[in-house]
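S.K.: Taking the UniProt record's numbering, the leading residue of the sequence shown gets 1, the next gets one more, and so forth. Backbone N, C-alpha and C define an ideal beta-carbon position, used for all residues, glycine too.
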Amino acid sequence: MNGTPRKLKLDKLAINKFSPTSLLNSIKLRREGPLSLMTEHKEALWSTYSPTTKPDTSVLNRLINAGVSPRIEESMSVVNNEILRRHFLELTTNFLAPFGPYLRTTTPSEGTSPFVDPPLLPPFHADEFINGLAARGPGKFLSKRMRSNWLDLYR
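1. Can you tell me the Cβ-Cβ gap for Asn81 and Ile64, rounded? I've got them flagged as a contact below 8 Å.
2. Go through the region 48-135 residue by residue and report every complete run of the alpha helix (DSSP H) that reaches 4 residues or more, in order.
3. Note down the Cα distance separating Asp11 from Asn25, rounded to an integer number of angstroms.
4. With a CB to CB cut of under 7 Å and the five nearest residues on each side skipped, what residues in its chain are close to Asp152?
5. Please work out which residues of its chain come closer than 8 Å, Cβ to Cβ, to Leu133, disregarding the five sequence neighbours upstream and downstream, and give them in chain order.
6. In its own chain, which residues sit with a C-beta less than 6 Å from the C-beta of Pro123, not counting the 5 before and 5 after it?
7. Is the shortest distance between the beta-carbon of Glu73 and the beta-carbons of chain B less than 8 Å?
8. Please state whether the Cβ-Cβ distance between Tyr102 and Leu121 is less than 8 Å.
9. In its own chain, which residues sit with a C-beta less than 8 Å from the C-beta of Asp56, not counting the 5 before and 5 after it?
10. Check for me: the alpha helix (DSSP H) holding Gly139 runs from which residue to which?
11. Leaving out five residues before and five after Phe95 in sequence, what residues of the same chain have Cβ atoms less than 8 Å from its Cβ?
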């Protein structure tokens with residue numbers, strides 16, 4: 001992660017579909033950087049954060065623009081909500097999968113007492129975990145969504 005500030009636009013919160021024009025405008029604004037604040041008033045949030053993952057354009061393109069009437073808008077928001085829930089469920093499941101051995105608890109056998117301590121979880125060592133991930137590779141799911149080093153997600 002480098003120390004150059006990034007600009008997050010606050011004035012356009014609506015999700016727009018990808019277009020070459022919007023890409024060129026965002027590149028131009030990024031190039032201007034913080035100096036653009038000296039010439040005119042712009043509402044923006046400046047941060048050194050740079051995203052690790054790429055936006056999933058297939059999900060963004062499936063989102064439906066809400067219509068004019070409230071009834072249509074409500075039904076479209078239900079559809080969009082379901083699309084986004086499935087997308088983030090898939091992201092979360094795939095992100096947490098490497099932690100599986102550390103999060104699984106061993107099921108106690110029948111006849112155990114509720115007063116007995118549960119079995120201990122295996123110890124977690126961050127360096128061993130990262131080395132194990134590096135040896136396995138990112139996998140198909142992460143490799144198509146990553147903008148930079150995929151191990152940065154787990155650091």
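M.R.: This is what the structure gives:
1. Not confirmed; about 11 Å, so no contact.
2. 57-62, 70-96, 100-103
3. Confidence is the limiting factor: at Asp11 the pLDDT is only 47, short of 50, which leaves the residue's position unreliable, though a coordinate-based value still follows. If you take the alpha carbons of Asp11 and Asn25, they lie about 14 Å apart.
4. Thr52
5. Pro98, Leu151, Tyr154
6. none
7. Going by chain labels, chain B is absent from the structure shown, which holds only one protein chain.
8. yes
9. His87, Arg145
10. 139-143
11. Leu153
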